[in-house]
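In UniProt numbering, the protein residues as written are 1 to 297. Quick reminder that beta carbons are idealized off the backbone N, C-alpha and C, glycines included. Some notes on the structure that comes next.
This is the structure in structure tokens:
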């Protein structure tokens with residue numbers, strides 16, 4: 001039952017984040033990057049505060065780990081994510097970010113010194129080949145912006161792996177809502193100087209935000225930042241980081257659907273080929289995994 005609850009929470013988070021990709025790409029046309037992130041995280045942490053205020057105190061020894069979880073999960077992850085969305089297609093983001101489980105398994109081998117298996121090596125190689133194919137085609141076409149965007153999305157996936165590792169350490173001591181609160185609030189605090197800089201650079205940017213932009217921001221606050229983060233931490237607290245990361249395969253379902261419906265994006269042939277390679281890679285990696293070493297305390 002515990003495992004079933006974990007995956008329900010994780011699936012909810014993955015589908016919400018999948019839909020976030022095209023919604024945020026549209027919202028970025030009206031709201032500056034760091035302003036969007038800071039507003040999202042600030043409101044999410046304020047909404048979480050009443051639920052965690054009685055247990056908000058944490059041990060000094062855990063402050064560093066929580067800061068690292070926030071920096072990787074909010075600051076680095078979202079900065080690269082939004083940069084990638086600005087220069088690349090939302091469909092590209094949906095597929096590239098689905099490689100997160102592969103990165104999780106690979107980095108776990110190095111952190112925990114577990115031996116590589118043939119299936120993991122082959123799976124990782126295929127998935128990476130798919131990513132290289134998606135990232136590399138724009139290079140061949142001399143499309144610098146798309147290349148930068150795709151590379152930023154890869155960096156975003158890597159940053160999320162760091163967040164998983166550090167979050168898992170503190171989730172053994174604190175409730176998921178506490179971890180989500182500190183993740184969002186620290187993330188907002190770190191980005192607040194850039195939010196102020198963007199405001200002084202363009203103090204009237206909010207005048208160009210229409211109803212669709214406002215609804216996109218509201219989705220980012222309530223669903224992508226509040227509900228999805230709390231759901232993810234709840235799921236992660238009930239299973240291993242490796243097990244949790246595999247629900248990222250569901251992100252392209254809602255991501256591609258909303259990319260087509262909201263942004264009218266197409267699915268080019270090279271993207272299909274890259275997606276097939278990634279899918280084959282993660283299937284092989286899945287066969288490798290009976291349990292994930294990050295599950296150990």
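Quiz item: How would you label residue 152, buried or exposed, when you count the other beta carbons within 10 angstroms and need 16 or more for buried?
Solution: To locate residue 152, count along the chain shown from 1; it is residue 152. When all chains shown are included, residue 152 counts as buried.
Practice problem: Could you please give the first and the last residue of the uninterrupted alpha helix (DSSP H) stretch that includes residue 29? | Solution: The residue given as residue 29 occupies position 29 in the chain shown. Premise fails: residue 29 is in no alpha helix (DSSP H) and is neither H nor E.
Quiz prompt | Cβ-based burial, residue 163 [other Cβ within 10 Å; buried from 16] | solution = Numbered from 1 along the chain shown, position 163 holds the residue referred to as residue 163. Buried, by the Cβ-count rule.
Quiz item: DSSP state of residue 198, grouped into three classes?
Solution: Residue numbering aside, residue 198 sits at position 198 when the chain shown is read from its first letter. DSSP places residue 198 in helix when its eight states are reduced to three.
Self-check item: Reference residue 278, options 210, 47, 198 and 100, closest by Cα
Solution: For the purposes of this step, residue 278 is taken as residue 278 along the chain shown, with counting starting at 1. Nearest option by C-alpha distance: 100.
Quiz item: Nearest to residue 310 by CA position, among 122, 26 and 20, is which residue?
Solution: Outside the displayed span of the chain (1 to 297) sits residue 310, for which this structure offers no information.
Practice problem: Give the straight-line distance between the Cα atoms of residue 210 and residue 60, rounded to the nearest whole angstrom. | Solution: Position 210 of the chain shown, counted from the first residue, corresponds to residue 210. Position 60 of the chain shown, counted from the first residue, corresponds to residue 60. If I take the Cα positions, the gap works out to 44 Å.
Quiz prompt | Close beta carbons around residue 183, own chain, < 7 Å, minus the five adjacent residues each side | solution = Along the chain shown, read from residue 1 onward, the residue named residue 183 stands at position 183. Only 69, 70, 73, 74 and 229 meet the Cβ criterion.
Quiz prompt | Three or more C-beta pairs below 8 Å linking the stretch 80 to 92 and the stretch 170 to 178 | solution = no
Exercise. Just the C-alpha distance for residue 38 and residue 118, rounded to the nearest angstrom, thanks.
Key: Taking the first residue of the chain shown as position 1, residue 38 is located at position 38. Taking the first residue of the chain shown as position 1, residue 118 is located at position 118. Each residue's Cα considered, the two are about 43 Å apart.
Practice problem: Give the secondary structure of residue 216 by DSSP, where H, G and I count as helix, E and B as strand, and everything else as coil. | Solution: Along the chain shown, read from residue 1 onward, the residue named residue 216 stands at position 216. Correct three-state label for residue 216: helix.
Quiz prompt | Candidates 265, 5, 53 and 107: closest to residue 160 by CA position | solution = What you label residue 160 is simply residue 160 of the chain shown in a count that begins at 1. Cα-wise, what sits closest to residue 160 is 107.
Quiz item: Looking only at C-alpha atoms, which of 18, 171 and 45 sits nearest to residue 189?
Solution: The residue you call residue 189 lines up with position 189 of the chain shown. Of the listed residues, the one whose Cα sits closest to residue 189 is 45.
Quiz item: DSSP on residue 114, reduced to helix/strand/coil?
Solution: As a first step, residue 114 is located in the chain shown; it is residue number 114 there, counting from the start. Its pLDDT being 49, under 50, residue 114 is placed unreliably in this model, and the value from its coordinates should be taken loosely. DSSP places residue 114 in coil when its eight states are reduced to three.
Exercise. For residue 233, count neighbouring Cβ atoms within 10 angstroms of its own Cβ and tell me buried if that reaches 16, exposed if not.
Key: Counted from its first residue, the chain shown places residue 233 at position 233. Per the 10 Å Cβ criterion, buried.
Practice problem: For residue 290, collect the residues of the same chain with a Cβ closer than 6 Å to its Cβ; drop the 5 residues on either side in sequence, then sort them by chain order. | Solution: On the chain shown, position 290 is the one that residue 290 refers to. Residue confidence is low: residue 290 scores 47 on pLDDT, short of 50, so the model does not pin down where it sits. Its coordinate-derived value is still stated next. Nothing listed; no residue qualifies.
Quiz item: Whose C-beta lies closer than 6 Å to the C-beta of residue 30 among residues of the same chain, with five residues either side of it excluded?
Solution: Within the chain shown, numbered from 1, the residue matching residue 30 stands at position 30. Cβ within range, chain order: 208, 209 and 213.
Quiz item: With C-beta atoms as the reference, is residue 43 less than 9 Å away from residue 262?
Solution: Within the chain shown, numbered from 1, the residue matching residue 43 stands at position 43. Within the chain shown, numbered from 1, the residue matching residue 262 stands at position 262. Contact flag unset, no.
Quiz item: Under a three-way DSSP split, which group does residue 264 fall into?
Solution: The count along the chain shown starts at 1 and reaches residue 264 at position 264. The answer is coil: DSSP assigns residue 264 none of H, G, I, E or B.
Quiz item: Whose C-beta lies closer than 7 Å to the C-beta of residue 17 among residues of the same chain, with five residues either side of it excluded?
Solution: Position 17 of the chain shown, counted from the first residue, corresponds to residue 17. Answer for residue 17: 224, 228 and 251, listed in chain order.
Self-check item: Beta-carbon gap between residue 150 and residue 216 smaller than 9 Å
Solution: In the chain shown, counting from the first residue as 1, residue 150 sits at position 150. In the chain shown, counting from the first residue as 1, residue 216 sits at position 216. No, the pair does not count as a contact, with Cβ atoms beyond the cut-off.
Self-check item: Beta-carbon proximity list for residue 145, same chain, < 6 Å, skipping 5 on both sides
Solution: By one-based count along the chain shown, residue 145 stands at place 145. Correct list, in chain order: 87.
Quiz item: Is it true that the CB of residue 219 sits closer than 9 Å to the CB of residue 23?
Solution: The residue you call residue 23 lines up with position 23 of the chain shown. The residue you call residue 219 lines up with position 219 of the chain shown. It is a contact, given that the beta carbons lie within the stated cut-off.
Practice problem: Return the CA-CA distance between residue 82 and residue 8, expressed in angstroms with no decimal places. | Solution: For the purposes of this step, residue 82 is taken as residue 82 along the chain shown, with counting starting at 1. For the purposes of this step, residue 8 is taken as residue 8 along the chain shown, with counting starting at 1. Roughly 27 Å separates the two Cα atoms.
Exercise. Look up residue 154 in the DSSP assignment and say whether it is helix, strand or coil.
Key: Taking the chain shown and counting its residues from 1, the one referred to as residue 154 is at position 154. DSSP places residue 154 in helix when its eight states are reduced to three.
Practice problem: Please report how far the alpha carbon of residue 260 lies from the alpha carbon of residue 194, in whole angstroms. | Solution: Taking the chain shown and counting its residues from 1, one reaches residue 260 at position 260. Taking the chain shown and counting its residues from 1, one reaches residue 194 at position 194. Residue 260 and residue 194: Cα-Cα distance of roughly 32 Å.
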